[in-house]
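Just so we're aligned, residue 833 is where the sequence shown starts under the numbering used here, counting upward by one. Just so it is clear, CB atoms sit at the ideal spot from N, CA and C, and this is done for glycine as well. What follows is a single structure, written as structure tokens, with notes after it.
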Amino acid sequence: MKAISKFNQKSISVRITFFIWILVIFTISFYIFFSIPFQEKTLLERMRFEAQDVASSYIQANKSALITDDYQLIIDYSMSTVNNSNSILYIAVIKNDGTQSFLFQKNNWSNENLEGFWTSPKDFSDGRIIHSNIANDEVYHLSRMFIYTGIEWGWIHVGLSTESYNNAIREMITRAIGLAIGTILLSFLTTFLFTKKLTKPISDLSLMAKRIESGDLTARVTIQSKDELGMLSDSFNKMTDAVSKSRDELENKVQERTNELAETNIQLTNEIEERKKTEVILNQYTIKLETLEEIYKGIISSKSPVEIFKNSAQKINDNIVKFSRSSAAIFDFSNGSAVLYAFTFNENRIIESEENFLLSHFSSLEKLQESDYFLEENLSQKKHKSEMEKLILAKGINSYICVGLKFQGQLIGELNFAFAETEGIKQSTIDTILEISNQVAVAIVQLSLEEKLKQHADDLQNSLKEKEVLLKEIHHRVKNNLQIITSLLYLQSMNIEDEATQAIFKDSQNRVKSLALVHEKLYQSKDLARIDFSDYLKNLTNFIFTTYRTNVSHLDIEYDMDEVYLSVEISVPLGLILNELLSNALKYAFIGIQKDDSTEHRITLKLKKLQNEEYLLSVSDNGIGLADDFNLEESDSLGLKLVTSLVQQIEGKLEVHPKNSTEFKITFNGNL
């Protein structure tokens, strides 16, 4: 690629000469490449014809002698033919049976056995150049079969000299090389002269272009031909005229623009000065905002009023305005008192103090009610001084600025800053202090509210603990009272001999026990409003099982329950419902079943949580089932009437499936 790039940088004449020279060389090479082999083939063809003529003439002349074995005639004719020809080097006659072989050379012949000397004579039937051991040189050898009346008598071998062939080849190559060299030199000279004449106008154009490039727009091309170069020169001259005209116009416009730019430069200089002033103001405002942000962060992170005042005063003294002393007061209009915090800035140390005063000592109250701030100067020259002003003078303060702390329009305190002189305080500095005072007021109120909320939360927590203790005590006492009732019912039933009456007492005893168990779970639970109802059902079931005895030897109870927490309002009626349904199952479901019956009998309790706070309570057994004509609404059973009433109380739904195994299903909402 680098070689091609360098070649492209050469002049047009050099490149044209080079390409034409390459084209001529390629043409001559192409001619030599195809011409010499063709002429060589022609010479070989001529030698083949000569060898074939010699062989054919020899066979025709010696046909009879060969058949009749007239060897003397063969010898005379062969020697005459070889000696009289400049091109024949030898003639060999070989009989197929190998009995006779003759070799005829210049002035010599021999009758030696040549059978097999030329292997495969058929390969030489068309003739070829070989190195012959007979002539000790390259020869053109051709073999011809002698056939007489269909009988193959033998072979005639002819060897021709290749000297004339080689001389012709050398002469042909010499002529080709000479022709090539002459043609190349002639074409090079012709091309050079042609390209020089062709490229002269182009060189003139290039020279004029360089003059124009250097700024001489008076240069013109003088080519008078009517060909493409003449047209190009005319276009070039017209282009130069247009460029000259454009330059003059451009110079005029540049001068106009230069004048405009000078005026614009003056305007830009003034604008830059204004922007520099604006930038200074913006930098000052940025510093102010950063300072305010630091102050606000300090205010937010402060945990007490004195910390808020101290952080704010220090940031103002470091970044906004220098002062010697500062104080802050919080007013309590409910009892007419105030707390004053004082800060003295002395050699990078802050000395702080805290004192209580009456509001009547503050002469600033009336002024701050009417305005957000005021400046006080030359206190020592005032005739009438308040107690607070006397205290300020005692601290060595003669001039100060007082800023009110207001929240939602209400005055809650003040900030004071003492200066050596107040004449140098800018209004922007006062505005910044007012912004800070607003945030300080909000922080003070927020701290006060947080303290009140914390105190209120502590009071609520203490009250809640007291109520929890009291509620646990109530549940415990209710459980004990219900336990006493259960015991009284049990003692009373011991003196009753009538079984029906005794059963009524037992049912009442179980009902009271189910109520007592609810209160027992409540006072044992951490949550006094809700109980673990699944655990409650298991405890109640175990108690009922110990109360009733059945004549069934294999009776199991199965549980299929989710973890469910219910309120007292739901738990009490559900406990009574379970007591009635489970008691009925134990008393009536397995009547008539023999004790030796090996069938697995069971009672199944289900407690499942459905969707949308809906729950399912199910009591089922695989006992004898209910009567075919059973109707819950027409039943005289006190227990079932109680169940129906309690289900209505909790706004639930009761379903009874009496066939096969008896099942009572109650669905209800847990948020009753």
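Asked                                                                                                                            : Found
Range covered by the alpha helix (DSSP H) that runs through Q1213                                                                : Per DSSP, Q1213 belongs to no alpha helix (DSSP H) and is neither H nor E.
Straight-line Cα distance separating V1277 from G1484                                                                            : 53 Å
Secondary structure of S1067, DSSP reduced to three states                                                                       : helix
Boundaries (first-last residue) of the beta strand (DSSP E) holding G1245                                                        : Q1242 to F1251
Buried versus exposed call for L1025 [16 or more other C-beta atoms within 10 Å across all chains shown]                         : exposed
CB contact flag (G1455, H1489, <8 Å)                                                                                             : no
Which of helix, strand or coil DSSP assigns to E1088                                                                             : helix
Pair within 8 Å by beta-carbon distance, E1495 and S1450                                                                         : yes
Which residues DSSP lists as bridging S993, in chain order                                                                       : V971
Three-state secondary structure assigned by DSSP to H1514                                                                        : What the structure shows of the chain is the stretch from 833 to 1504, and residue 1514 is not part of that stretch, so it cannot be assessed.
Close Cβ partners of I1435 (< 6 Å) along its chain, the five nearest in sequence each way excluded                               : I1389, A1417 and D1453
Distance, K927 Cα to D902 Cα                                                                                                     : 14 Å
Straight-line gap, Q1443 to F1141 (C-alpha atoms, nearest Å)                                                                     : 58 Å
Simplified DSSP state of A1421, which is helix, strand or coil                                                                   : coil
CB-CB length for V1396 against K1441, believed under 8 Å                                                                         : 6 Å
Three-state secondary structure assigned by DSSP to I1233                                                                        : strand
C-alpha distance - D1263 paired with D1204, whole-angstrom precision                                                             : 10 Å
Inter-residue Cα distance where the pair is H1216 and E1111                                                                      : 48 Å
Neighbourhood of L1472 by C-beta distance below 8 Å, restricted to the same chain and skipping five residues each side           : E1412, N1416 and L1464
Option in F934, I899 and F1500 with minimal Cα separation from I907                                                              : F934
Rounded Cβ spacing between K1238 and A1273 (contact assumed at less than 8 Å)                                                    : 6 Å
Contacts around L1302, its chain only, beta-carbon distance under 7 Å, and the 5 residues preceding and following it disregarded : Residue placement at L1302 is poorly supported in this model, since its pLDDT is 47, which falls under 50; the coordinates still yield a value, given next. There are no such residues.
Q937 - partner residues in DSSP beta bridges                                                                                     : Y922 and N940
Spatial distance of I804 from S1019 (CA atoms)                                                                                   : Here the chain comprises residues numbered 833 to 1504, so residue 804 is not present and cannot be evaluated.
Buried or exposed (CB count within 10 angstroms, at least 16 for buried), K1147                                                  : buried
Nearest-angstrom Cα separation, counted from G1457 out to Q1481                                                                  : 27 Å
Contact check, T1373 vs L1408, beta carbons under 8 Å                                                                            : no
R976 classed as buried or exposed, judged by whether at least 16 other C-beta atoms fall within 10 angstroms                     : buried
Proximal residues to S782 (C-beta, below 6 Å), its chain only, five neighbours per side dropped                                  : The chain is shown only over 833 to 1504; residue 782 falls outside these bounds and no answer can be derived.
Which of helix, strand or coil DSSP assigns to G1502                                                                             : coil
Counted within 10 angstroms of its Cβ, other Cβ atoms place R1157 as buried (16 or more) or exposed                              : buried
Helix, strand or coil at V1153 [DSSP, three-state]                                                                               : coil
Beta-carbon contacts of I1127 that lie in its chain and below 8 Å, excluding the five residues immediately before and after      : N1143, S1144, K1147, I1148, I1268 and Q1271
7 Å CB neighbourhood of V886 in its chain, flanking five on each side removed                                                    : I920 and V990
Own chain residues within Cβ distance below 6 Å of E1305, not counting five before or after                                      : Model confidence at E1305 stands at a pLDDT of 49, short of 50, so the residue's coordinates are unreliable; what they give is reported in the following sentence. Cβ neighbours of E1305 beyond the five flanking positions: none.
Secondary structure of T1436, DSSP reduced to three states                                                                       : strand
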